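Working notes for the structure below.
Residue numbers (our numbering): 909 to 1037.
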């Protein structure tokens, strides 16, 4: 298995985790067979290792709530929800604007065709307005 995060996460090395990451959602692959998702409850660090304690994953028979990772190990933290929301909103605005422009163009085209049909009809029958 080769986990590389989702579009809503950014990769950081475990050694870059600090107190600002406590409480954030994290995902990582501690070994070749497991992907872990959880919320960082605590971080401890030595020169070579980072120790993560997670909320929401302990207590099961196969779930650990503590992991030790090399400082260079990639973990994935959730992107800033406000910047992600802003990007999603701006994408939605762009799509809506494109659709409105398309509708406007279609209406103008229809009006021009209708106007052209009325003119050609009026030209064919003068004095019938």
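Even for Gly, the Cβ is constructed at its ideal location relative to N, Cα and C.
Since this is a predicted model, take the numbers as computed values, not measurements.
Where the beta strand (DSSP E) containing residue i begins and where it ends
i, result
"residue 987", "Looking at the DSSP string, residue 987 is not in any beta strand (DSSP E), and its letter there is neither H nor E."
"residue 976", "974 to 978"
"residue 957", "957 to 963"
"residue 928", "Note, residue 928: premise wrong, no beta strand (DSSP E); not H, not E."
"residue 943", "Looking at the DSSP string, residue 943 is not in any beta strand (DSSP E), and its letter there is neither H nor E."
Alpha carbon of residue i to alpha carbon of residue j, nearest angstrom
i, j, result
"residue 945", "residue 916", "13 Å"
"residue 925", "residue 909", "24 Å"
"residue 866", "residue 998", "A query on residue 866 cannot be resolved here, the shown segment of the chain reaching from 909 to 1037 and no further."
"residue 1002", "residue 955", "47 Å"
"residue 951", "residue 983", "13 Å"
"residue 1010", "residue 1022", "18 Å"
"residue 938", "residue 1004", "42 Å"
Contact under 8 Å by Cβ, residue i with residue j
i, j, result
"residue 979", "residue 922", "yes"
"residue 970", "residue 948", "no"
"residue 986", "residue 933", "yes"
Interface flag, residue i vs chain C, CB-CB below 8 Å
i, result
"residue 946", "Here chain C cannot be found, since the structure has a single protein chain."
The region 955 to 962 / the region 972 to 985 touching (three or more Cβ pairs under 8 Å): yes
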